[in-house]
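A short worksheet on the structure shown next.
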Amino acid sequence: MAERSFKAEVEHLRQGTGTSFTGEGILAITKALLENGVGYVGGYQGAPISHLMDVLADAEDLLSELGVRYEANASEAAAAAMLAASVHYPIRGAVTFKGSVGVNVASDALANLASSGVTGGAIIIVGEDYGEGSSIMQERSYAFAMKSQFWLLDPRPNLPSIVKAVGDSFALSEASNTPVMLMVRIRSCHVTGTFDCRDNQPPPLTVREALSSPQRDFKRVVLPPMSYQHEHDKIENRWPAAEKFILENGLNERFGPQDGKAGLICLGGMYNSVIRALQRLGLADVSGNTEVPLYVMNVAYPLVQSDLLDFCAGKDAVLMIEEGQPEFIEQQLGNMLFKAGSSTKLEGKGIFPKAGEYTGQVMMDGLDDFFRKYAAHLLPGQVRAPNAPQPDIPDLSATVPIRPPGFCTGCPERPIFASMKLVEQELGKHQISADIGCHLFAALPPFEIGGQTMGYGLGPASNAAFDGGGEKRAISILGDGGFWHNGLSTSIGNMVFNKSDSVAIIVDNYYSAATGGQDIPSSRAKNATKATNNPITKALEGAGVKWIRQIDRTYDVTKMRETIREALTTDYDGPKVIVASSECMLNRQRREKPQRNKAIKDGARVEIPRFGVDEDVCTGDHACIRLSGCPSLSLKTLDDPLRDDPVAHIDQSCVGCGNCGEVADAAILCPSFYEARVVHNPSSFERWAAELRSRVISWLQARRAARRLTFTGTAPGRIAP
0 MAERSFKAEV
10 EHLRQGTGTS
20 FTGEGILAIT
30 KALLENGVGY
40 VGGYQGAPIS
50 HLMDVLADAE
60 DLLSELGVRY
70 EANASEAAAA
80 AMLAASVHYP
90 IRGAVTFKGS
100 VGVNVASDAL
110 ANLASSGVTG
120 GAIIIVGEDY
130 GEGSSIMQER
140 SYAFAMKSQF
150 WLLDPRPNLP
160 SIVKAVGDSF
170 ALSEASNTPV
180 MLMVRIRSCH
190 VTGTFDCRDN
200 QPPPLTVREA
210 LSSPQRDFKR
220 VVLPPMSYQH
230 EHDKIENRWP
240 AAEKFILENG
250 LNERFGPQDG
260 KAGLICLGGM
270 YNSVIRALQR
280 LGLADVSGNT
290 EVPLYVMNVA
300 YPLVQSDLLD
310 FCAGKDAVLM
320 IEEGQPEFIE
330 QQLGNMLFKA
340 GSSTKLEGKG
350 IFPKAGEYTG
360 QVMMDGLDDF
370 FRKYAAHLLP
380 GQVRAPNAPQ
390 PDIPDLSATV
400 PIRPPGFCTG
410 CPERPIFASM
420 KLVEQELGKH
430 QISADIGCHL
440 FAALPPFEIG
450 GQTMGYGLGP
460 ASNAAFDGGG
470 EKRAISILGD
480 GGFWHNGLST
490 SIGNMVFNKS
500 DSVAIIVDNY
510 YSAATGGQDI
520 PSSRAKNATK
530 ATNNPITKAL
540 EGAGVKWIRQ
550 IDRTYDVTKM
560 RETIREALTT
570 DYDGPKVIVA
580 SSECMLNRQR
590 REKPQRNKAI
600 KDGARVEIPR
610 FGVDEDVCTG
620 DHACIRLSGC
630 PSLSLKTLDD
640 PLRDDPVAHI
650 DQSCVGCGNC
660 GEVADAAILC
670 PSFYEARVVH
680 NPSSFERWAA
690 ELRSRVISWL
700 QARRAARRLT
710 FTGTAPGRIA
720 P
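The sequence shown lines up with residues 0 to 720 when you count with numbering that gives the first Met the number 0.
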């Protein structure tokens, strides 16, 4: 069950010539693929393009009508390998995945694809989220384009430009027999707008039809001596063909006047930020018209030397606006200017920070510094005085605590790590490696479990150096998504082959939850187009694991604790794997809430569990909060002069998972937690019983208050003199 359904929006993908399409960038990309006769599409979910996979999944009926093959691939490597269909056949193919990490995983397939070259158009749509909006290490995909010699497009973040870039990518790929990477930044994925539609085009040759007439050419197989010829083909034929296409079709754009003392060169994806900064400096109007020469590189690689040198000609200086490190484009441009003997000064890093996201303020300050240095006459006024002291902004990090990511309310992974903390209290600390996924949050307070992560599905492999046995066994964490992505062979297979004496805990929450709740092979849901309900334990047995423990309810902290203790203390010296299964609470709520609300609306009797803390019993030691960390657990100050410390309190965000009470019981903390049942549409008998209970309780409370007044001579809540 994906995080969001696009069933309604997908109907708009049927629009044709003469209509306007309005929607998000990811929908525009899908529509552009259909308009350009794509023959097959695939990919792997990951921000910021997770929703693109969701759109494609919801559009499977339309894709089938057009003869388009769709596949949700097992990994980015599998997606990139899918593009092999375009090597020998004139079929347009597209795959999509997350930026640099996806390219890292797919690098082997991408390198082979770029070496052999393609006959049909092949594009890789990469969701790039560099900067503070990113959830990964700060890297760029640009280096892979340079290394393997495939072309990289970075269109301006508006729907017409994005749609055009899809068509340009296919055409450029076919014109140069080279795969093309289309980079769409996080803002491009979610930007909304309008563009003029064209009719959807079925592929001239479908993959089904291609099977009837197999084609092969050993010259495209990456083996010596052809692999040596591929390198020459890239430089002598494909690169010139790409430059010719880029120039003839005006893929890169120029704005403002050609002449001027100072010019700007920016990547297409940064165009909006540049124009906004120019507007704030008074150098562009609200429509984006500017008097500053601006060269927009919608094609980030290859750089077309003749076009760039022509733009730089006659200028005192140009500023290369390139986010991230290393400054790949600035280095190439500097080399071009030097070899051409140009007197134009090149600025870039130095004016701008060497690393980090170019936010609105960073962009404006950088442009202001550049123009003051080379074209002060362009500035309409003293936007910022030269060398003026920066405003004294207090460092809030010293007083405001950081707000790291954490598990959702009711997350079934939380009790797993509470159990590990309890075992750690008993057996001492262990070497623990983490993995990519929600469970990585356990490295943060209050659990502080997991010291490193090396990649998706590589949790157990990260502990390989410690797998030979020792005084304490190493523990590794692996998610169900990572297990099916890469973990079964690279991590579990590695443990079995090397007779690892360590423990692996597979967190099975039924979905690829961290990327939006997409189905995976072990999902419990029935999926009409995918094979689900494949138990992880069966795959483990097939890989050769002998010691396996399945836990079907992770909220049972006592059982979790005992199983983990058993794995760490057993005499068995082979790989030990615990599969801890409970459904992702977000997906569960997405499924159950609409059903529950409908039942309540229809008048059906519905019980909803809620948990609370008895204020009279709670001691205020807050151990439950330290061991659980649930966002619904907070503090409450009592109106009791004898109770200085706040007590634990469960707020309205509680989803009734029961984890706090389970933790309390397993840790032998306190009996202050209680469960209540909120009944919607109760029966007449239940209403009568509830009213009776309320009257009895009120009478008892009044009786106790009266007795207290008799014995102490004071009203409740006051101290007798």
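Built from N, CA and C at the ideal position, the CB exists for glycine as well.
Every value quoted in this text rests on a predicted model; they were computed, and no experiment measured them.
Best match in Leu181, Ser175, Lys146, Ser147 for proximity to Lys163 [C-alpha to C-alpha] = Leu181
Is DSSP giving Tyr39 helix, strand or coil here?
-> strand
Local conformation of Arg215 per DSSP, three classes = Note: Arg215 maps to coil in three-state DSSP.
Of the choices Leu699, Asp153, Thr95, Pro159, whose alpha-carbon is the least far from that of Ala31?
-> Pro159
7 Å Cβ shell around Leu65 - same chain, five flanking residues per side excluded = Leu33, Asn199, Pro201
Residue burial classification, Thr18 (beta-carbon count within 10 angstroms, cutoff 16) = exposed
Rounded separation between Ala73 and His484 - CA only = 6 Å
Are the beta-carbon atoms belonging to Leu250 and Val298 less than 8 Å from one another?
-> For the 8 Å CB-CB criterion, Leu250 and Val298 form a contact.
Tell me the DSSP bridge mates of Thr289?
-> In the DSSP assignment, Thr289 is bridged to Ala283.
Can you tell me which of the three DSSP states Gly449 falls into?
-> It is coil, neither helix nor strand.
Inter-stretch contact (C-beta, 8 Å, three-pair minimum) for the region 555-574 and the region 584-599 | no
Counted within 10 angstroms of its Cβ, other Cβ atoms place Trp150 as buried (16 or more) or exposed | buried
What do you get for Val9, buried or exposed, if any count of 16 or more other CB atoms within 10 angstroms of its CB means buried?
-> buried
Considering Trp238, what are the terminal residues of the alpha helix (DSSP H) in which it resides?
-> Taken as a continuous stretch (DSSP letters only), the alpha helix (DSSP H) holding Trp238 covers 238-247.
Say whether the region 643-659 touches the region 606-614, bearing in mind that this needs 3 or more beta-carbon pairs closer than 8 Å, one atom from each stretch.
-> Touching, per the Cβ criterion.
Nearest-angstrom beta carbon gap, Met319 and Ile328 [assumed within contact, 8 Å] = Indeed, because the Cβ distance is near 6 Å, the residues count as touching under 8 Å.
Complete runs of the alpha helix (DSSP H) confined to the region 611-697 [at least 4 residues] = 622-627, 658-665
Sorted by chain position, which residues of the same chain lie with C-beta nearer than 6 Å to Ile718's C-beta, five sequence neighbours on each side aside?
-> Low local confidence applies: a pLDDT of 47 at Ile718 is under 50, so the model's placement there is unreliable, with the coordinate-based value given in what follows. Apart from sequence neighbours up to five positions away, no residue of its chain approaches Ile718 with a beta-carbon distance below 6 Å.
Endpoints, the beta strand (DSSP E) within which Leu151 is located | 150-152
CA-CA distance, Tyr141 and Ile599?
-> If I take the Cα positions, the gap works out to 53 Å.
Is it right to say Pro459 is buried, meaning 16 or more other beta carbons lie within 10 angstroms of its own, or is it exposed?
-> buried
Hey, out of Gly41, Ile25, Ala80, Phe254, whose CA is closest to Thr193's CA?
-> Ile25
Going by beta carbon distance, what residues of the same chain come within less than 6 Å of Gln549, once the five residues before and after it are set aside?
-> Thr536, Val578
CA nearest to the CA of Gly98, picked from Gly92, Gly313, Met136, Leu567 | Met136
Residues near Asp572 in its chain [Cβ-Cβ closer than 6 Å; skip 5 each side] = Spatial neighbours of Asp572 in its own chain (CB-CB distance under 6 Å, excluding positions within 5 residues in sequence) are listed in chain order as Asp500.
How long is the line joining the alpha carbons of Gly42 and Leu152, rounded to whole angstroms?
-> For Gly42 and Leu152, the gap between their C-alpha atoms comes out near 18 Å.
Starting from the Cα of Val616, find the closest Cα among Gly602, Asn596, Glu606, Leu637 and give me that residue.
-> Leu637
Look at the alpha carbon of Asp258 and the alpha carbon of Lys314, and state the distance between them as a whole number of angstroms.
-> 7 Å
How is Gly427 classed by DSSP in three states: helix, strand or coil?
-> coil
From which residue to which residue does the alpha helix (DSSP H) around Arg589 run?
-> Its alpha helix (DSSP H) spans residues 584-600.
Candidates Leu112, Ala665, Ser652: closest to Val179 by CA position = Leu112
Under the three-state DSSP convention, the category Pro411 falls into | coil
Please report how far the alpha carbon of Asp60 lies from the alpha carbon of Ala27, in whole angstroms.
-> Rounded to whole angstroms, Asp60 and Ala27 show a C-alpha spacing of 18 Å.
DSSP three-state assignment for Gln360, whether helix, strand or coil | helix
Cβ of Phe169 less than 8 Å from any chain C Cβ?
-> Of the chains in the structure shown, none is chain C; there is only one protein chain.
Classify Gly427 as buried or exposed, calling it buried when 16 or more other Cβ atoms lie within 10 Å of its own Cβ.
-> exposed
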